[in-house]
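Novice: Submitted below is the structure of interest, expressed as structure tokens.
2 protein chains.
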Amino acid sequence: MSRYRPEDLRRFVARVLESAGALAEEAEVVADALVCADLRGVHSHGVVRAGIYLDRLRAGSIRPGAQLAVVRDSGAAVLCDAGSGFGVVAACRAMDLAVERARRYGVGAVGVRNSNHCGMLAYFVLRAIAQGAVGVALSNADAQVAPYGARARYLGTNPLSVGIPAGEEPAIVLDMATSEVAHGRVQAAAVRGERIPPTWALGPDGRPTTDPQQALRGALVPFGGAKGSGLALVVDVLAGLVTGGRSGPEVVPLYEELHRPQGVGHLMLALWPEAFCGLRTLRDRVDRLVRDIRALPPAEGFDRVWLPGEPEYRRQLEYAQAGIPLPEEAVAVLQQLAEKAGLAAPEAVP
Amino acid sequence: MSRYRPEDLRRFVARVLESAGALAEEAEVVADALVCADLRGVHSHGVVRAGIYLDRLRAGSIRPGAQLAVVRDSGAAVLCDAGSGFGVVAACRAMDLAVERARRYGVGAVGVRNSNHCGMLAYFVLRAIAQGAVGVALSNADAQVAPYGARARYLGTNPLSVGIPAGEEPAIVLDMATSEVAHGRVQAAAVRGERIPPTWALGPDGRPTTDPQQALRGALVPFGGAKGSGLALVVDVLAGLVTGGRSGPEVVPLYEELHRPQGVGHLMLALWPEAFCGLRTLRDRVDRLVRDIRALPPAEGFDRVWLPGEPEYRRQLEYAQAGIPLPEEAVAVLQQLAEKAGLAAPEAVP
Numbered sequence: 003m004s005r006y007r008p009e010d011l012r013r014f015v016a017r018v019l020e021s022a023g024a025l026a027e028e029a030e031v032v033a034d035a036l037v038c039a040d041l042r043g044v045h046s047h048g049v050v051r052a053g054i055y056l057d058r059l060r061a062g063s064i065r066p067g068a069q070l071a072v073v074r075d076s077g078a079a080v081l082c083d084a085g086s087g088f089g090v091v092a093a094c095r096a097m098d099l100a101v102e103r104a105r106r107y108g109v110g111a112v113g114v115r116n117s118n119h120c121g122m123l124a125y126f127v128l129r130a131i132a133q134g135a136v137g138v139a140l141s142n143a144d145a146q147v148a149p150y151g152a153r154a155r156y157l158g159t160n161p162l163s164v165g166i167p168a169g170e171e172p173a174i175v176l177d178m179a180t181s182e183v184a185h186g187r188v189q190a191a192a193v194r195g196e197r198i199p200p201t202w203a204l205g206p207d208g209r210p211t212t213d214p215q216q217a218l219r220g221a222l223v224p225f226g227g228a229k230g231s232g233l234a235l236v237v238d239v240l241a242g243l244v245t246g247g248r249s250g251p252e253v254v255p256l257y258e259e260l261h262r263p264q265g266v267g268h269l270m271l272a273l274w275p276e277a278f279c280g281l282r283t284l285r286d287r288v289d290r291l292v293r294d295i296r297a298l299p300p301a302e303g304f305d306r307v308w309l310p311g312e313p314e315y316r317r318q319l320e321y322a323q324a325g326i327p328l329p330e331e332a333v334a335v336l337q338q339l340a341e342k343a344g345l346a347a348p349e350a351v352p
Numbered sequence: 003m004s005r006y007r008p009e010d011l012r013r014f015v016a017r018v019l020e021s022a023g024a025l026a027e028e029a030e031v032v033a034d035a036l037v038c039a040d041l042r043g044v045h046s047h048g049v050v051r052a053g054i055y056l057d058r059l060r061a062g063s064i065r066p067g068a069q070l071a072v073v074r075d076s077g078a079a080v081l082c083d084a085g086s087g088f089g090v091v092a093a094c095r096a097m098d099l100a101v102e103r104a105r106r107y108g109v110g111a112v113g114v115r116n117s118n119h120c121g122m123l124a125y126f127v128l129r130a131i132a133q134g135a136v137g138v139a140l141s142n143a144d145a146q147v148a149p150y151g152a153r154a155r156y157l158g159t160n161p162l163s164v165g166i167p168a169g170e171e172p173a174i175v176l177d178m179a180t181s182e183v184a185h186g187r188v189q190a191a192a193v194r195g196e197r198i199p200p201t202w203a204l205g206p207d208g209r210p211t212t213d214p215q216q217a218l219r220g221a222l223v224p225f226g227g228a229k230g231s232g233l234a235l236v237v238d239v240l241a242g243l244v245t246g247g248r249s250g251p252e253v254v255p256l257y258e259e260l261h262r263p264q265g266v267g268h269l270m271l272a273l274w275p276e277a278f279c280g281l282r283t284l285r286d287r288v289d290r291l292v293r294d295i296r297a298l299p300p301a302e303g304f305d306r307v308w309l310p311g312e313p314e315y316r317r318q319l320e321y322a323q324a325g326i327p328l329p330e331e332a333v334a335v336l337q338q339l340a341e342k343a344g345l346a347a348p349e350a351v352p
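Taken in sequence, the protein lines are chains A and B.
For the first sequence, the numbering used here begins at 3 and goes up steadily by one.
For the second sequence, the numbering used here begins at 3 and goes up steadily by one.
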């Protein structure tokens with residue numbers, strides 16, 4: 003597999019977005035977030051997404067230069083309107099604002115409406131961690147998931163992410179969709195003509211299916227039954243309704259109606275450790291917790307116990323040195339982007 | 003099944019607790035919380051728990067009259083010490099304080115350490131809802147759950163609850179343990195000599211077991227695999243570490259070492275809707291969302307789609323009128339409590 007230097011990918015993606023009118027500063031943030039996902043091995047949210055961002059920029063549904071406008075400022079809580087700018091940029095600014103308010107009041111909560119797809123949520127909680135805060139990020143998404151007990155789509159894959167600073171150990175970074183699997187995995191199985199496990203999706207008849215074609219006409223299911231479904235619903239309410247944004251099927255699908263802004267909503271929360279047990283104590287105790295859990299005897303079928311975000315962190319360290327091994331689909335996307343933007347595609351590490 | 007009037011149960015439980023030194027005001031709060039659980043059909047967290055609370059009161063590990071002391075006040079965030087008082091009382095006061103701060107700053111976060119078992123979390127988010135706020139409640143618990151990939155216990159069943167006000171529809175109340183099932187369900191199967199599904203627990207050998215005796219010597223598993231395990235961990239960190247309280251195996255088991263306070267931690271969060279989209283808008287939109295989801299076509303094997311907290315709400319309405327149908331174990335507990343406290347047990351509705 004070809005490996006790419008992170009800085010080459012960043013520069014390339016930024017130029018592609020700038021070619022369609024993105025400001026240099028926002029193009030850099032988006033490029034950094036996408037390449038961060040690839041660095042962590044989360045290729046579904048990496049440079050492959052630059053394609054749809056470019057298309058939406060050109061169609062006018064991602065508005066370059068949009069500011070995160072404050073709608074209401076209550077001190078620790080701020081409601082913002084993203085003005086249909088880049089979701090990544092809005093989410094970064096919202097998390098930074100949440101951290102700023104948390105530093106002042108102990109906790110900060112920033113709601114964002116009229117945003118777009120914001121990519122891998124871990125990126126934003128890592129930003130909070132880098133500033134010494136505990137970060138929580140929620141986002142809604144377009145309807146692909148049937149609530150528990152239903153056969154029709156209503157909820158998004160509505161992810162949630164929580165980041166906890168550690169000391170010498172990697173930070174704890176939980177980042178999960180509330181669906182059993184991402185839509186992309188069903189699509190990939192359909193392309194390859196493979197069956198899917200019956201626990202991933204329902205067909206249009208409301209019955210679990212192993213046929214990815216049926217699943218694509220049906221609905222994904224939430225992870226963990228009624229509990230995961232409840233979490234998906236709560237994420238939609240907090241990110242979509244509470245912010246005064248769109249929710250459920252009102253959110254425009256990322257890959258459809260490209261001229262319409264998606265209207266995605268986010269909620270970013272930060273806790274300032276000094277308002278609680280103190281950052282130093284927290285770091286020490288998280289280190290101990292991480293080491294304790296890592297040292298637990300593995301269950302049958304496991305070699306060792308991993309902490310949330312630990313595999314991604316190890317990949318990030320490795321790929322930053324050795325280059326990012328991009329999957330074929332991503333390399334193909336780079337080629338398409340180069341053609342569309344009239345640029346040279348980045349070269350693989352020799 | 004015998005039915006009991008909620009007010010009879012409340013009065014009885016309060017007197018039982020007062021007989022062991024609880025102040026009238028705190029005994030009333032605890033009794034109301036336990037009976038609320040029975041009213042909602044959550045009998046595992048109902049009057050059956052009064053027994054262990056009484057034993058812990060007598061052993062001195064629940065301290066009557068303990069105040070929720072403010073350790074650090076940062077405006078929107080407050081860190082408190084429960085002084086080993088009743089968990090229910092500390093959690094109520096913490097949620098009320100979180101709502102008060104949310105009203106002032108848009109969001110409020112109250113951490114509590116040195117608390118005890120606080121029962122059904124829904125009780126606290128219902129309190130937030132009654133005050134017009136969105137409420138989130140987290141609590142850690144003693145170690146019964148093996149983190150994903152491990153064969154040994156480390157995490158508690160660490161529940162989380164989220165409450166969202168509605169208008170004419172019942173509020174959305176998600177309340178879930180992060181374990182696949184409660185410990186009590188494995189115990190119940192052991193008593194009845196029944197098998198359990200292999201998805202509930204691991205035996206001491208780290209393999210899934212259908213033998214409840216093996217499961218009791220082993221560990222419960224998180225719901226939803228790695229995702230549920232990540233949530234259980236995050237709840238422990240937020241409720242236990244961030245508050246400077248105990249975490250993981252440091253938390254004293256509810257039914258062991260009765261002389262030692264448990265050292266449970268909670269985190270209560272409240273969002274003030276007026277700082278976001280406004281309460282009226284939120285109520286209207288939640289009503290619409292609830293009706294939309296309820297109207298979705300059911301999946302195979304389902305009669306209809308339920309919202310989180312809706313079955314419990316319906317039971318609450320019915321049982322408040324017709325009396326609470328207590329399961330046999332609960333009736334037996336009432337008899338034991340009556341004997342221990344030298345009181346007459348409440349009488350069933352004729």
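Every residue, glycine too, gets a C-beta built ideally from N, C-alpha and C.
For the segment 291-324 of chain A, which residues have a beta carbon sitting closer than 8 Å to at least one beta carbon of chain B?
Specialist: Leu291, Asp294, Ile295, Leu298, Pro299, Pro300, Ala301, Glu302, Phe304, Arg306, Val307, Trp308, Leu309 and Pro310
Novice: Quick check: the segment 179-195 of chain B against the segment 216-230 of chain B, are at least 3 beta-carbon pairs closer than 8 Å?
Specialist: yes
Novice: Whole beta strand (DSSP E) runs in the segment 206-286 of chain A with 3 or more residues, listed along the chain?
Specialist: 266-273
Novice: Between Ser21 (chain B) and chain A, is there a C-beta pair that is closer than 8 Å?
Specialist: By one-based count along the second sequence, residue 21 (chain B) stands at place 19. Taking Cβ atoms only, chain A never reaches closer than 8 Å to Ser21 (chain B), which makes this a no.
Novice: What does the alpha-carbon distance come out to for the pair Arg115 (chain A) and Ile295 (chain B)?
Specialist: The count along the first sequence starts at 1 and reaches residue 115 (chain A) at position 113. The count along the second sequence starts at 1 and reaches residue 295 (chain B) at position 293. So the two alpha carbons sit approximately 22 Å from each other.
Novice: With respect to the beta strand (DSSP E) encompassing Met3 (chain B), which residues constitute its N-terminal and C-terminal limits?
Specialist: On the second sequence, residue 3 (chain B) is found 1 positions in, with the first residue counted as 1. Per DSSP, Met3 (chain B) belongs to no beta strand (DSSP E) and is neither H nor E.
Novice: Threshold first: 3 residues or longer. Then list the beta strand (DSSP E) segments lying entirely within the segment 157-189 of chain A, N to C.
Specialist: 162-166 and 174-178
Novice: Excluding the 5 residues preceding and the 5 following Pro300 (chain B) in the sequence, name in chain order all residues of the same chain whose CB lies nearer than 8 Å to its CB.
Specialist: In the second sequence, the residue the question calls residue 300 (chain B) occupies position 298. Only Arg306 and Val307 meet the Cβ criterion.
Novice: If you reduce the DSSP assignment to three classes, tell me which class Ile64 (chain B) lands in.
Specialist: As a position in the second sequence, residue 64 (chain B) is number 62, starting the count at 1. It is coil, neither helix nor strand.
Novice: Closer than 7 Å by beta-carbon distance: list the chain A residues that pair up with Pro149 (chain B), in chain order.
Specialist: For the purposes of this step, residue 149 (chain B) is taken as the residue at position 147 of the second sequence. The answer, in chain order, is Ile295, Leu298 and Val307.
Novice: In this structure, how does DSSP classify Arg401 (chain A) when only helix, strand and coil are distinguished?
Specialist: The first residue shown for chain A is 3 and the last is 352, placing residue 401 (chain A) beyond what the model contains.
Novice: For the beta strand (DSSP E) that Ala71 (chain A) lies in, which residues bound it at each end?
Specialist: Taking the first sequence and counting its residues from 1, one reaches residue 71 (chain A) at position 69. That run of the beta strand (DSSP E) goes Ala71 to Asp75.
Novice: Flag Cys94 (chain A) as yes when its Cβ comes closer than 7 Å to any non-hydrogen atom of the ligand HEM, and as no otherwise.
Specialist: Among the components of this structure there are no ligands whatsoever, and the ligand HEM is therefore not found.
Novice: Among B:Gly265, B:Ala203 and B:Glu196, whose alpha-carbon lies nearest the alpha-carbon of Gly87 (chain B)?
Specialist: Reading the second sequence from its first residue, position 85 is the one you call residue 87 (chain B). Here the closest residue by C-alpha is B:Gly265.
Novice: Just the Cα atoms here: how many angstroms apart are Leu260 (chain A) and Asp57 (chain A)?
Specialist: The sequence position of residue 260 (chain A) within the first sequence is 258, counting from 1. The sequence position of residue 57 (chain A) within the first sequence is 55, counting from 1. If I take the Cα positions, the gap works out to 7 Å.
Novice: Using three-state DSSP, classify Ser86 (chain A) as helix, strand or coil.
Specialist: Locating residue 86 (chain A) in the first sequence gives position 84, counting from the first residue. The answer is coil: DSSP assigns Ser86 (chain A) none of H, G, I, E or B.
Novice: Determine whether the Cβ of Tyr156 (chain B) lies closer than 8 Å to any Cβ atom of chain A.
Specialist: Along the second sequence, read from residue 1 onward, the residue named residue 156 (chain B) stands at position 154. Cβ-Cβ to chain A under 8 Å: yes for Tyr156 (chain B).
Novice: Since Gly53 (chain A) and Val335 (chain A) are thought to touch, with beta carbons under 8 Å apart, how far apart are those beta carbons, to the nearest angstrom?
Specialist: If you number the first sequence from 1, residue 53 (chain A) lands on position 51. If you number the first sequence from 1, residue 335 (chain A) lands on position 333. By a beta-carbon distance limit of 8 Å, Gly53 (chain A) contacts Val335 (chain A). Their separation comes to about 5 Å.
Novice: Rounded to whole angstroms, how far is the Cβ of Leu59 (chain A) from the Cβ of Ala84 (chain A), which I believe are closer than 8 Å?
Specialist: For the purposes of this step, residue 59 (chain A) is taken as the residue at position 57 of the first sequence. For the purposes of this step, residue 84 (chain A) is taken as the residue at position 82 of the first sequence. About 15 Å; that fails the 8 Å criterion.
Novice: Just the chain B side, please: which residues come within less than 7 Å of Phe126 (chain A) by C-beta, in chain order?
Specialist: Stepping through the first sequence from its first residue, residue 126 (chain A) is reached at position 124. Under a criterion of Cβ atoms nearer than 7 Å, no residue of chain B is adjacent to Phe126 (chain A); the nearest Cβ is some 16 Å distant.
Novice: Report the residue from A:Ala79, A:Gly67, A:Ala168 and A:Leu235 whose alpha carbon sits nearest the alpha carbon of Gln146 (chain A).
Specialist: Stepping through the first sequence from its first residue, residue 146 (chain A) is reached at position 144. Looking at the Cα atoms, A:Leu235 is the closest of the given residues.
Novice: Taking Leu298 (chain B) as the reference, give the member of A:Gly137, A:Ala277, A:Pro251 and A:Glu30 with the closest Cα.
Specialist: Looking up residue 298 (chain B) in the second sequence gives position 296. The shortest C-alpha separation from Leu298 (chain B) is found at A:Pro251.
Novice: With H, G and I counted as helix, E and B as strand and the rest as coil, what does DSSP make of Gly108 (chain A)?
Specialist: Translated into positions along the first sequence, residue 108 (chain A) becomes position 106. Note: Gly108 (chain A) maps to coil in three-state DSSP.
Novice: Using Cβ-Cβ distances below 9 Å, what residues of the segment 262-283 of chain B are close to chain A?
Specialist: Leu269, Leu271, Leu273, Trp274, Pro275, Glu276, Ala277, Phe278, Cys279, Gly280 and Thr283
Novice: What residues in its chain sit with their C-beta under 6 Å from that of Asp124 (chain A), if we drop five residues either side in the sequence?
Specialist: For the purposes of this step, residue 124 (chain A) is taken as residue 122 along the first sequence, with counting starting at 1. In the sequence on display, residue 124 (chain A) carries Ala and not Asp. Excluding positions up to five away in sequence, the list reads Ser163, Val175 and Asp177.
Novice: In the DSSP assignment, find the alpha helix (DSSP H) that holds Ile340 (chain A) and state where it starts and stops.
Specialist: Position 338 of the first sequence holds residue 340 (chain A). With the sequence shown as reference, residue 340 (chain A) is identified as Ala, and Ile is not the correct amino acid for it. Boundaries of the alpha helix (DSSP H) harbouring Ala340 (chain A): Glu330 to Ala343, taken from the DSSP string.
Novice: Using a cut-off of 8 Å between C-beta atoms, extract the partners of Ile174 (chain A) located in chain B.
Specialist: Counting from one through the first sequence, the residue named residue 174 (chain A) turns up at place 172. The contacting residues are Leu235, Val236 and Val239.
Novice: Whose C-alpha, out of B:Ala135, B:Val112, B:Glu302 and B:Leu269, is nearest the C-alpha of Asn160 (chain B)?
Specialist: For the purposes of this step, residue 160 (chain B) is taken as the residue at position 158 of the second sequence. The option with the nearest alpha carbon to Asn160 (chain B) is B:Leu269.
Novice: Mapping DSSP to helix, strand and coil, what is Pro149 (chain B)?
Specialist: What you label residue 149 (chain B) is simply residue 147 of the second sequence in a count that begins at 1. Residue state, collapsed to three classes: coil.
Novice: If we cut at 8 Å on Cβ distances, does Ser76 (chain A) have a partner in chain B?
Specialist: Numbered from 1 along the first sequence, position 74 holds the residue referred to as residue 76 (chain A). Chain B, which has a Cβ nearer than 8 Å to the Cβ of Ser76 (chain A), makes this yes.
Novice: Should Val101 (chain B) go down as buried or exposed, given a rule of 16 or more other Cβ atoms within 10 Å for buried?
Specialist: One-based indexing of the second sequence puts residue 101 (chain B) at position 99. With 16 or more Cβ atoms within 10 Å of its Cβ, Val101 (chain B) is classed as buried.
Novice: Could you spell out the range, first to last residue, of the alpha helix (DSSP H) harbouring Met132 (chain B)?
Specialist: Taking the second sequence and counting its residues from 1, the one referred to as residue 132 (chain B) is at position 130. In the sequence as displayed, the identity of residue 132 (chain B) is Ala instead of Met. Taken as a continuous stretch (DSSP letters only), the alpha helix (DSSP H) holding Ala132 (chain B) covers Ala124 to Ala132.
Novice: For the candidate residues A:Val188, A:Asn118 and A:Ala29, whose alpha-carbon lies nearest to that of Val254 (chain A)?
Specialist: As a position in the first sequence, residue 254 (chain A) is number 252, starting the count at 1. Nearest option by C-alpha distance: A:Asn118.
Novice: Mind pulling the chain A residues with CB within less than 9 Å of Arg248 (chain B)?
Specialist: The residue given as residue 248 (chain B) occupies position 246 in the second sequence. Contact annotation for Arg248 (chain B) against chain A: no contact, minimum CB-CB distance about 10 Å [criterion: below 9 Å].
Novice: With a CB to CB cut of under 7 Å and the five nearest residues on each side skipped, what residues in its chain are close to Tyr150 (chain A)?
Specialist: Taking the first residue of the first sequence as position 1, residue 150 (chain A) is located at position 148. Excluding positions up to five away in sequence, the list reads Pro224, Gly227, Ala228 and Ser231.
Novice: For the segment 93-118 of chain B, list every residue whose C-beta sits within 9 Å of some C-beta in chain A, in sequence order.
Specialist: Arg103, Ala104, Arg106, Tyr107, Gly108, Val109, Gly110, Ala111, Gly113 and Arg115
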